[in-house]
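Using our numbering, read the first sequence as starting at 28 and increasing by one per residue. Where a beta carbon is used, it is the ideal one built from N, C-alpha and C, also for glycine.
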Amino acid sequence: MAYDHRAIEQRWQHFWEANQTFKAERRIGRPKAYILDMFPYPSGSGLHVGHPLGYLATDIVARKKRMQGFDVLHPMGWDAFGLPAEQHAIRTGAHPAKTTAENIHVYRRQLKQIGFAYDWSREINTTDPGYVRWTQWIFLKMYERGLAFQAEIPVNWCPGLGTVLANEEIIDGRSEVGGFPVVRQPLRQWQLRITAYADRLSEELEPLDWPETKQKQRDWIGKSEGAEVEFPVEGREEALTVFTTRPDTLYGATYMVIAPDHPLTLAITTPSQRAQVSAYVDAASRKSDMERTALNREKTGVATGAFAKNPLSGRRIPIFTADYVLGAYGTGAIMAVPAHDERDFEFARRFELPIVEVVSPDGSLHENLERAYTADGIAVRSGAFDGQPTAEMKQNVLAHLERQGIGRRRINYKLRDWVFSRQRYWGEPIPIYFPVDTAGDPRQGAAYTIDYTQPIAVAEAELPVRLPELDDYRPGDPQGPLARATNWRFFQKDSKWFARETNTMPQWAGSCWYYLRYLDPKNERELCSAGAYDAWMPVDLYVGGSEHGVLHLLYARFWHKVLFDLGVVKHPEPFLKLVHQGPILGTIYRYFGAVDGESGALYAGDDANVIPIDGPGDVRFALKTGEKLEERWANEPEIEWRDGTPFLRGRDVRVVPVSEKMSKSRGNVVNPDSVIAEHGADALRVYEMFMGPLEQMKPWQTSGIFGVRRFLDRVDGLVGRELGTEMDLETAKLVHRTVKKVGEDIDALRLNTAVSAMMILTNHLNGLPQVPREAAEKLTLCLAPFAPHLGEELWQRLGHEPSVAVAPWPSFDPALCVDDTVEIGVQVNGKVRGRVTLGLTASEEEAKGAGLADSNVAKFVEGKQLTKVIYVPGKILNFIVR
RNA sequence: GCCGAAGUGGCGGAACCGGCAGACGCGGCGGACUCAAAAUCCGUUGAGGUUACACUCGUGUGGGUUCGACUCCCACCUUCGGCACCA
């Protein structure tokens with residue numbers, strides 16, 4: 028009874044391709060929907076079953092919208108610049124472009140066999156010269172506006188990758204890709220002035236229909252409102268300016284701290300402290316991010332010997348330098364208020380500095396604080412401000428400082444400018460060149476000097492700047508591998524020599540604006556035409572992994588806002604609604620074995636009799652009797668089930684299933700190709716949607732797909748039966764409710780319960796002597812977005828012309844979706860004791876009578892005093908007795 | 001440490017504007033079909049209890065609000081994700 032999925036799926040995939048069923052076109056008077064997936068990086072290992080999850084959700088939404096008469100843009104492309112292709116090139120010598128093209132070929136084939144409703148005529152590839160041209164064009168526009176600039180700055184240099192990294196690409200002092208250590212090192216870099224957009228990037232999140240990602244971005248941008256205050260330094264003209272969010276605690280500032288890398292640190296240091304301070308500054312500059320974040324919990328610092336004057340209290344306060352103050356945030360110096368800041372408190376304790384309470388929870392004075400009091404309160408020891416609550420005092424102090432001209436309101440951000448150059452080959456060349464001072468021909472080895480202070484933009488007409496051919500792609504040189512392509516790098520113009528920029532753009536560049544290129548992918552005159560923009564933008568639904576919550580989504584919003592200011596786009600935000608699909612986990616099975624190895628090994632099985640111990644390497648567990656054990660892992664084929672418990676095949680060793688992110692090294696990857704070959708693309712699609720809520724993390728269970736395939740076979744069987752014209756009321760109600768629920772669930776991306784609803788209908792229809800035609804048709808139409816191949820097949824079998832993809836979405840009769848009678852629970856003192864069927868409009872008297880007529884209810888009420896009756900029509904009847 | 005999300009049968013999950021907890025699927029058990037197996041179909045399946053019913057317990061833990069709490073409030077525990085000296 029199983030249908031032939033191979034034949035059906037191939038036939039309809041060919042049909043869609045031949046008929047261009049999913050070509051996106053705008054028609055007068057139709058609503059539009061732009062439904063976008065985060066396009067993949069085509070890696071060498073192909074897709075695993077986790078990849079299509081988000082694509083399936085959008086595909087179902089897109090297919091339903093199309094059936095509802097929307098013009099739908101649902102495109103796909105490739106984010107094809109990236110490290111893996113380049114690393115492969117270094118190992119094998121194969122050109123990254125070649126590897127990338129091969130990988131794309133595999134990805135395209137895999138996606139097509141899943142049956143996505145993409146408009147493949149709009150496919151884009153970020154490495155195409157026709158695409159790179161516009162990425163470079165946007166860069167030049169930023170350069171013209173001063174948003175792209177060079178600076179010699181300490182950057183995050185990753186020797187393992189031979190390149191610099193953006194702050195966002197570093198996790199715990201290591202590279203996000205590869206996990207290599209990162210060190211601080213000064214280098215000439217291109218940066219993008221994302222900080223100029225910090226406020227808009229933070230504030231304009233507000234109206235978007237996004238999940239928690241909104242808050243993550245806000246936190247990353249880290250807007251904080253406060254004040255800049257000047258502290259006069261003894262014996263110097265210029266004051267030391269600090270940033271604080273707590274101007275109300277100014278009277279409690281008992282010392283100051285200046286960052287080791289602050290330009291004034293050495294200048295203000297007194298001769299007697301010079302040696303100590305220089306040593307501290309040196310040590311701090313050599314520390315990598317890792318050391319600073321991981322090891323440096325204990326506060327360190329050195330007195331500079333200098334003193335400042337607290338502008339409000341008039342008190343003479345010492346100036347320290349300490350690395351808990353960051354040179355790059357605020358002004359690089361702080362006023363320290365140990366009584367009301369945990370870090371300052373810790374430092375003050377360590378260096379025996381005075382701790383003066385100036386904010387009291389209740390207005391009374393406290394001595395010998397045990398810890399910093401960081402909450403709001405009432406001002407004390409604050410001169411004329413005493414007694415003011417924190418919020419009020421902030422305003423008053425600010426006003427006072429502004430009148431005196433020694434302070435002003437100020438907003439600061441954690442966000443830093445985006446280090447935008449990479450010392451790698453496989454990226455977009457930065458379209459800039461520099462004058463060269465040389466006596467001969469640098470391509471022939473003549474000595475030369477490049478004047479990096481005079482960057483020149485490549486003329487728009489000369490875009491794109493293409494990558495040169497290279498024999499050796501290895502990184503390592505801070506100038507990047509492109510510096511080795513001397514014939515490409517150096518050129519003459521008006522008999523002067525010039526050198527191209529040899530850094531390339533980071534992987535994120537291409538994905539910052541790709542959603543705009545889909546609108547008009549072949550346009551050679553503009554990145555997209557105004558007509559194409561107006562037809563489709565903004566993106567109505569964007570689905571992708573939450574790992575891109577800060578990186579890609581922040582960068583893309585930034586570029587979009589720049590393009591908005593340029594007049595290229597007309598909306599301040601590109602993505603109205605964002606959803607993150609959860610990862611699909613692979614399952615492996617854990618057990619324990621003796622360290623000695625296979626021969627005579629002691630197999631301890633599951634966790635029950637095993638305890639963790641401290642030890643080197645893999646030996647982190649032992650039997651309770653003391654024998655040391657190693658953690659071992661088995662995957663699905665090595666497992667057999669006995670009475671619902673997994674065992675190691677052929678052995679008496681119990682194993683414990685553990686779900687983890689799918690990865691090659693764990694051997695828990697499930698390949699969609701094999702699932703499709705065995706069960707069909709429709710079964711894969713429906714199973715992935717049925718697994719659970721889209722946004723949740725879910726373990727893949729191969730057995731689950733059997734149930735889904737059985738369901739599809741049942742639907743196939745139903746529609747194959749002789750159909751009737753009559754439909755009984757119960758069936759009609761269920762059919763119409765299912766149509767309603769499936770439609771609503773798709774709109775809300777509750778795809779799992781939509782599938783469940785269709786299963787319920789199918790089970791019901793299967794029990795009928797004859798299946799009504801209307802039921803079969805509506806079920807087919809509901810199922811079509813989920814299982815489109817089977818949907819087409821059944822639609823045709825029902826006597827309709829293809830394609831079901833453009834058939835109208837089924838309607839439902841609201842009257843059939845509400846019950847006139849309903850079964851409700853009858854409670855006595857809040858416990859359910861019976862149930863009665865009542866009309867929705869039944870009065871309390873009727874309900875009471877019906878409820879008491881239930882023998883079991885009567886039993887609990889009998890002999891007691893009925894004190895109250897709670898009746899919510901259609902919901903509950905509750906008798907309160909005493 | 002801070003921010004965010006989540007804890008429900010053997011498993012994935014459903015219900016959550018407070019109103020019959022466990023839909024749907026997997027797995028298990030029993031049966032039909034078969035020489036047999038697979039596939040398919042039917043029944044059953046939270047725990048305790050009972051011949052059967054009744055009944056008792058049950059949505060991470062402890063409290064609270066309510067006629068009534070998986071759902072709301074407070075405290076805590078655990079898991080996952082993010083940030084991490086940002087003044």
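| Check | Outcome |
| --- | --- |
| Where residue 790 falls, given that 16 or more other Cβ within 10 Å makes a residue buried | exposed |
| Under 8 Å between C-beta atoms of residue 280 and residue 337 | yes |
| Alpha-carbon to alpha-carbon, residue 833 and residue 707 | 23 Å |
| Endpoints, the alpha helix (DSSP H) within which residue 727 is located | Run containing residue 727: none; DSSP gives neither H nor E here. |
| Beta-carbon spacing of residue 358, residue 329 below 8 Å | no |
| Simplified DSSP assignment, three categories, for residue 859 | strand |
| Residues bridged to residue 229 (per DSSP) | Answer is none; residue 229 lacks a bridge partner. |
| CA nearest to the CA of residue 803, picked from 666, 783 and 826 | 826 |
| Nearest to residue 244 (by Cα), restricted to the options 747, 582 and 877 | 582 |
| Integer Cβ distance of residue 609 from residue 715, believed to fall under 8 Å | Not really, about 11 Å apart at Cβ, beyond 8 Å. |
| Outcome for residue 119 when other beta-carbon atoms lying within 10 angstroms are tallied against a minimum of 16 | exposed |
| Boundaries (first-last residue) of the alpha helix (DSSP H) holding residue 774 | 756 to 774 |
| For residue 680, the three-state DSSP class (helix, strand or coil) | coil |
| Pair within 8 Å by beta-carbon distance, residue 661 and residue 618 | yes |
| Sufficient close CB pairs (3 or more, under 8 Å) joining the stretch 801 to 821 to the stretch 28 to 37 | yes |
| Span of the beta strand (DSSP E) around residue 656 | 655 to 661 |
| Touching by the beta-carbon criterion (3+ pairs, under 8 Å), the stretch 171 to 189 and the stretch 65 to 83 | no |
| Runs of alpha helix (DSSP H) wholly within the stretch 235 to 283 (minimum 4 residues, chain order) | 240 to 248 |
| Residue 663 beta carbon less than 8 Å from that of residue 729 | yes |
| Closest residue to residue 474 among 67, 524 and 499 (Cα-Cα distance) | 524 |
| Residue 905 - partner residues in DSSP beta bridges | 854 and 897 |
| Under the three-state DSSP convention, the category residue 568 falls into | strand |
| Three-way DSSP call (helix, strand, coil) for residue 424 in this model | helix |
| Status (buried if at least 16 other CB within 10 Å, exposed otherwise) for residue 51 | buried |
| Three-state class that DSSP yields for residue 514 in the structure shown | helix |
| Where residue 540 sits in the DSSP three-state scheme | coil |
| Residues near residue 180 by beta carbon distance below 7 Å, same chain, minus five either side | 213 and 216 |
| Segment limits, alpha helix (DSSP H) that includes residue 951 | As displayed, the chain neither begins before 28 nor continues past 909, which places residue 951 out of reach and without an answer. |
| Residue 117 versus 508, 405 and 614, residue with shortest Cα-Cα distance | 508 |
| Identity of the residues DSSP links to residue 750 by a beta bridge | 798 |
| Residue nearest to residue 149 in terms of C-alpha spacing, selected from 96, 167, 63 and 210 | 63 |
| Delimiting residues of the alpha helix (DSSP H) encompassing residue 461 | Residue 461 -> not in any alpha helix (DSSP H); beta strand (DSSP E) instead, spanning 459 to 465. |
| Integer-rounded CB distance, given that residue 570 should sit under 8 Å from residue 517 | At roughly 46 Å, the Cβ-Cβ gap does not stay under 8 Å, so residue 517 and residue 570 are not in contact. |
| CA-to-CA distance, residue 372 to residue 252, given in whole angstroms | 22 Å |
| Within 8 Å, strictly: CB atoms of residue 656 and residue 666 | no |
| Distance CB(residue 250)-CB(residue 226) smaller than 8 Å | yes |
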